[in-house]
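As structure tokens, the structure follows; a few thoughts come after it.
Number of protein chains: 2
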Amino acid sequence: MKLLGARYVLTANSKFSIIENGGVLYEDEKIVEVGEYEALSSKAKDKSFYKDSILTPAFINTHVHFEFSKNSGEFCYGSFGGWLESVMSNRGEVFKDANLAIKDALKESKKSGVGTIGAISSYDMDLEALLESNLRVVYFSEVLGADTSKLKEQVDNLAKRLETSLAHKSSMFIPSLAVHSPYSISPELLESSLNLARNLNLLVSTHFLESKEELEWLEKGSGFFKHFYEDILHISNPKPNFSIESFLEAFYDLDCLFVHCLQADSKLQERILSLGKIISCPRSNLLLNQKMGLNDIIATDGKSSNINLNILDELRASFFASIAKSETSLDLEALARELVKSITTKAAHALRLENGSLESGKLADMALFSFPNLEGIKDIALHLLLYAKEAQSLIVAGSNRI
Amino acid sequence: MKLLGARYVLTANSKFSIIENGGVLYEDEKIVEVGEYEALSSKAKDKSFYKDSILTPAFINTHVHFEFSKNSGEFCYGSFGGWLESVMSNRGEVFKDANLAIKDALKESKKSGVGTIGAISSYDMDLEALLESNLRVVYFSEVLGADTSKLKEQVDNLAKRLETSLAHKSSMFIPSLAVHSPYSISPELLESSLNLARNLNLLVSTHFLESKEELEWLEKGSGFFKHFYEDILHISNPKPNFSIESFLEAFYDLDCLFVHCLQADSKLQERILSLGKIISCPRSNLLLNQKMGLNDIIATDGKSSNINLNILDELRASFFASIAKSETSLDLEALARELVKSITTKAAHALRLENGSLESGKLADMALFSFPNLEGIKDIALHLLLYAKEAQSLIVAGSNRI
């Protein structure tokens, strides 16, 4: 058994207990006990205590497109339509020789304390790097295709990719399925894909109502996406394949992550939350759509629409933006705790994982952060959120990953 | 003559011209000419061109308290009153052996491209480090004291500190004066201090209407500051020394920087701007007062109320918070340009300096930033703001400072 202790152990359990001079006892990949370091000390041979550190659950980044890691501003920000057109023009260049950029993006994730990644993969270009990363990976094979004349090819391709992904299945690599969006898939391909998910009990993710362009398309069949299909994809007389409700209905019996949902009003948010979870990517959402989102579960999105994959930078941006946006005075420690939950417990629950909090029986996924001076610090979650730089240690499934 | 060229030269001149394959020709501490690199090439022997870089004016951080550089969260955030009480309790510890922290804070400033600092000094603890920093420093000797029984001592002390500061006067070190705030100075000490500023033609800075606590004190003589004077400073029956207007009137013929002004409505902002400039510190203001401020001229404030002195992190926080706060859709490149101006041209104008833009006759203060790929990038100010990491080169008064 091993014991890791720190001046503060932020458990992120249901009470959000923070244990001063706390310790986490673990064996192999699981946590055995959490409590005061001294009290646990006799139970472990291999033990260490960090008096200038805060120990947290390893963070969970639920939505990243690693294949776009080479982008550093070649895509246009400010509006979703402008961005999507720039992606269509430049993605070839961004995909080319992207391996090093993918590895760097993974390093950046690790440094910020991320132990689990929800990776959306369009072409399996990131598969090898993710398998080698030593991180816990929920691997969403993404499917899209609105052209039903290619349906058989699309379904076969997805089945083949899932077969490859399933061959790597383990507690560290969890094959899953992503449906790109309601504006980019045919009802037939959606049905086939979701049936695969049902049969294989896969978690599902989909982009949904990210932009006002998407809302206008689904509701009225007009606007940017009409132009996009007519002028860029050369489809004559294009029509939306779904209404908001008919798309949502398709997921009725699945565990689904609905990503962004910026254009959902509170009533629609409620409907979405009755079906699954809502994931927000604050900086990506602000850059592309100038909106903040629900921020219940926070992810960085890929470098296709973000400046980096540092989840702490993401929380800090969300923290300052949330205060600026709020009309009323906020309890900053409470805000910090909500943000920490958004990348630990809530994210773990969304990904159907047994990590995200430091409790006995949970997976031993932990991140340790050092600080120059913890003497007299009262607001631990706020301190972590504001001052954490690089993880000094990242443990996933009981093993050190940095 | 020397020539420094880059793929893009962001001049920050009145037209905000950005020159592709541009160059800045300079001699000693001044810029001679700005234009296309090739056209200027024959005029310089010492020349270099950076094809993967953006060249900008060196940034200007108009308001920093370096003496508090050792603070890393020991002070409480969330409300101004709570923060001020925590400063009173912990500042002794934060001041102790702060030299290394001050030097580190200066390094952090330099790395983010800052060439000029407006340093507010309460005790001259930062004087030596600032003189050794090789940065351009506007050195504000700060005065406070509400107790008129100590007036002579207060005036003498200020005169002595200014004498020391004036002994170092040069184009790189500009002695100036800071009045702490209307809640912490007597009318007599304010008058004496401002008369010194008049006689010596010193630029003046003052904190003003930072908190709702200050507003309540000046308007009603009640609230946190009544408690503060009675219970912490043990002054019986305390009264405010100024009304908002009587404090402002004292500065009628001086160049003054009014720092924060979060509690000024638009009419009062207009009155303040008729007398001087408004400086905002977005992250400090959000942490202490949960408000954004005018953001016309942006500074980091000290580490007493900010997580770091990286002016680029400050701009990025302000950028995302501004978008989140805005009800309408913003032009992101235009927003980025305004933010760049807030730490270049506008800041230089506020500090009465001949830098902050790359134009002939201006001081040769420049920062160079490298990027992985500038091919096809259209929004140069936005790209700089989002993706700039560390300055690869920082030139102040024509000499390299990194």
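Taken in sequence, the protein lines are chains A and B. Going left to right, the first sequence walks through residues 134 to 535 as my numbering numbers them. Going left to right, the second sequence walks through residues 134 to 535 as my numbering numbers them. By construction, the Cβ of each residue, glycine as well, lies at the ideal position given by its N, Cα and C atoms.
Check this for me: beta carbons of Ser245 of chain A and Glu523 of chain A, under 9 Å apart or not? Position 112 of the first sequence, counting from 1, holds the residue named residue 245 of chain A. Position 390 of the first sequence, counting from 1, holds the residue named residue 523 of chain A. Yes. Within cutoff.
What residue from B:Lys203, B:Leu381, B:Gly215 has the CA that sits closest to Asp464 of chain A's CA? Counting from 1 along the first sequence, the entry for residue 464 of chain A is found at position 331. Per the Cα distances, B:Gly215.
Taking Cβ positions only, does Lys232 of chain B come closer than 9 Å to chain A? Taking the second sequence and counting its residues from 1, the one referred to as residue 232 of chain B is at position 99. The question names Lys, but residue 232 of chain B in the sequence shown is Asn. Under the 9 Å criterion on CB atoms, Asn232 of chain B is classed as non-interfacial with respect to chain A.
Return the chain-ordered list of same chain residues with a C-beta closer than 7 Å to the C-beta of Val165 of chain B, the five sequence neighbours on each side being excluded. One-based indexing of the second sequence puts residue 165 of chain B at position 32. Excluding residues within five positions, the ones whose Cβ falls inside 7 Å are Met134, Leu158, Tyr159, Ser493.
7 Å Cβ cut-off: residues of chain B touching Asn506 of chain A: Reading the first sequence from its first residue, position 373 is the one you call residue 506 of chain A. Near Asn506 of chain A (Cβ distances below 7 Å), the residues of chain B are Ser205, Glu207.
Counting only Cβ pairs nearer than 8 Å, list the residues of chain B close to Phe453 of chain A. Against the first sequence, residue 453 of chain A aligns to sequence position 320. The answer, in chain order, is Pro415, Arg416, Leu419, Ala450, Phe453, Ala454.
Are at least three pairs of beta-carbons, each pair with one atom in the segment 423-435 of chain B and one in the segment 188-197 of chain B, less than 8 Å apart? yes
What residues in the segment 210-225 of chain A bring their beta carbon closer than 8 Å to a beta carbon of chain B? Tyr210, Gly211, Ser212, Asn223
I need the boundaries of the beta strand (DSSP E) containing Gly179 of chain B, first residue and last residue. In the second sequence, counting from the first residue as 1, residue 179 of chain B sits at position 46. In the sequence as displayed, the identity of residue 179 of chain B is Asp instead of Gly. Element bounds for Asp179 of chain B: 179-190.
Below-9 Å beta-carbon distance, Ala457 of chain B vs any chain A residue: Taking the first residue of the second sequence as position 1, residue 457 of chain B is located at position 324. By this cut-off, Ala457 of chain B is an interface position.
Between the beta-carbon of Leu419 of chain A and the beta-carbon of Cys389 of chain A, is there less than 9 Å? Indexing the first sequence from 1 puts residue 419 of chain A at position 286. Indexing the first sequence from 1 puts residue 389 of chain A at position 256. Going by C-beta atoms, Leu419 of chain A is not nearer than 9 Å to Cys389 of chain A.
Under a three-way DSSP split, which group does Pro371 of chain A fall into? Numbered from its first residue, the first sequence carries residue 371 of chain A at position 238. DSSP places Pro371 of chain A in coil when its eight states are reduced to three.
For Gly409 of chain B, return the contacting residues in chain A, with the cut-off set at a CB-CB distance below 7 Å. As a working mapping, residue 409 of chain B is identified with position 276 in the second sequence. At a C-beta separation below 7 Å, Gly409 of chain B has no neighbours in chain A, since its nearest C-beta there lies roughly 25 Å away.
Please classify Leu427 of chain A: does DSSP put it in a helix, a strand, or coil? Locating residue 427 of chain A in the first sequence gives position 294, counting from the first residue. In the three-state reduction of the DSSP assignment, Leu427 of chain A falls in the coil class.
Are the CB atoms of Leu264 of chain B and Ile528 of chain B nearer to each other than 9 Å? Locating residue 264 of chain B in the second sequence gives position 131, counting from the first residue. Locating residue 528 of chain B in the second sequence gives position 395, counting from the first residue. The answer is no: Cβ separation not under 9 Å.
Measuring straight from C-alpha to C-alpha, what distance separates Ser344 of chain A and Glu466 of chain A? Here residue 344 of chain A is taken as the residue at index 211 of the first sequence, counted from 1. Here residue 466 of chain A is taken as the residue at index 333 of the first sequence, counted from 1. The alpha-carbon atoms of Ser344 of chain A and Glu466 of chain A are separated by roughly 32 Å.
If I follow the unbroken alpha helix (DSSP H) through Arg416 of chain B, where does it start and stop? As a working mapping, residue 416 of chain B is identified with position 283 in the second sequence. Where Arg416 of chain B is concerned, the enclosing alpha helix (DSSP H) stretches over 415-422.
Rounded to the nearest angstrom, what separates Ser326 of chain B and Lys148 of chain A at their Cα positions? Stepping through the second sequence from its first residue, residue 326 of chain B is reached at position 193. Stepping through the first sequence from its first residue, residue 148 of chain A is reached at position 15. Looking at the two C-alpha atoms, the distance is approximately 54 Å.
Can you tell me whether Pro190 of chain A is buried or exposed? The criterion is at least 16 other CB atoms within 10 Å of its CB, across all chains shown. Indexing the first sequence from 1 puts residue 190 of chain A at position 57. Buried, because 16 or more other Cβ atoms sit within 10 Å of the Cβ of Pro190 of chain A.
Closer than 8 Å by beta-carbon distance: list the chain B residues that pair up with Gly509 of chain A, in chain order. The count along the first sequence starts at 1 and reaches residue 509 of chain A at position 376. Near Gly509 of chain A (Cβ distances below 8 Å), the residues of chain B are Glu207, Asn223.
Endpoints, alpha helix (DSSP H) assigned at Ile250 of chain A: As a first step, residue 250 of chain A is located in the first sequence; it is residue number 117 there, counting from the start. No alpha helix (DSSP H) contains Ile250 of chain A, which is instead part of the beta strand (DSSP E) from 247-254.
Along the segment 461-485 of chain B, what residues have a CB closer than 8 Å to any CB found in chain A? Ser462, Leu463, Asp464, Leu465, Glu466
Examine chain B for any beta-carbon lying closer than 9 Å to the beta-carbon of His393 of chain A, and answer yes or no. Here the question's residue 393 of chain A lines up with position 260 in the first sequence. No Cβ of chain B is located within less than 9 Å of the beta carbon of His393 of chain A.
Please identify the residue among A:Pro505, A:Lys495, A:Phe452 whose C-alpha is closest to the C-alpha of Leu519 of chain A. Walking along the first sequence from the start, residue 519 of chain A turns up at place 386. With distances taken between Cα atoms, Leu519 of chain A lies closest to A:Phe452.
Nearest to Glu286 of chain B by alpha carbon, out of B:Glu321, B:Asp259, B:Ser314? As a working note, residue 286 of chain B is residue 153 in the second sequence. Looking at the Cα atoms, B:Glu321 is the closest of the given residues.
Reference Leu427 of chain A; option with closest CA among A:Ala454, A:Leu268, A:Leu277, A:Thr281: If you number the first sequence from 1, residue 427 of chain A lands on position 294. Looking at the Cα atoms, A:Ala454 is the closest of the given residues.
Taking the beta carbon of Thr281 of chain A as the centre, do at least 16 other beta carbons fall within 10 Å, making it buried, or is it exposed? One-based indexing of the first sequence puts residue 281 of chain A at position 148. Under this definition Thr281 of chain A is an exposed residue.
Taking CB distances under 9 Å as the criterion, tell me whether Gln525 of chain B reaches chain A. Position 392 of the second sequence, counted from the first residue, corresponds to residue 525 of chain B. With 9 Å as the cut-off, Gln525 of chain B does not count as an interface residue toward chain A.
Test: Gln396 of chain B CB closer than 9 Å to a CB of chain A: The count along the second sequence starts at 1 and reaches residue 396 of chain B at position 263. Closer than 9 Å: no.
For Gln287 of chain B, go through chain A and note every residue whose CB falls closer than 8 Å to its CB, in chain order. Position 154 of the second sequence, counted from the start, is the residue given in the question as residue 287 of chain B. The premise fails here: Gln287 of chain B is roughly 31 Å from chain A at the closest Cβ pair, so nothing lies under 8 Å.
What residues of chain B sit near Tyr520 of chain A, judged by a beta carbon separation below 8 Å? Counted from its first residue, the first sequence places residue 520 of chain A at position 387. Result: Ser205, Gly206, Ile440.
Comparing C-alpha positions only, which one of A:Ser317, A:Lys176, A:Leu299 sits nearest to Thr309 of chain A? Locating residue 309 of chain A in the first sequence gives position 176, counting from the first residue. This sequence places Ser at residue 309 of chain A; Thr is not what is there. Residue A:Leu299 is the option with its Cα nearest to Ser309 of chain A.
Once the 5 residues before and after Val131 of chain A are set aside, which same chain residues still bring their CB inside 7 Å of it? Nothing can be reported for residue 131 of chain A: it is not among the residues displayed for chain A, which extend from 134 to 535.
Output yes or no for whether 9 Å exceeds the beta carbon distance between Ile513 of chain B and Leu143 of chain B. Position 380 of the second sequence, counting from 1, holds the residue named residue 513 of chain B. Position 10 of the second sequence, counting from 1, holds the residue named residue 143 of chain B. Their beta carbons are under 9 Å apart, which means Ile513 of chain B touches Leu143 of chain B by this criterion.
CB of His340 of chain A within 9 Å of CB of Ser379 of chain A, strictly: Position 207 of the first sequence, counting from 1, holds the residue named residue 340 of chain A. Position 246 of the first sequence, counting from 1, holds the residue named residue 379 of chain A. No; because the gap between Cβ atoms is not below 9 Å, this pair is not in contact.
Report yes or no: is there a C-beta of chain B within less than 9 Å of the C-beta of His313 of chain A? Your numbering for residue 313 of chain A matches position 180 in the first sequence. Chain B, which has no Cβ nearer than 9 Å to the Cβ of His313 of chain A, makes this no.
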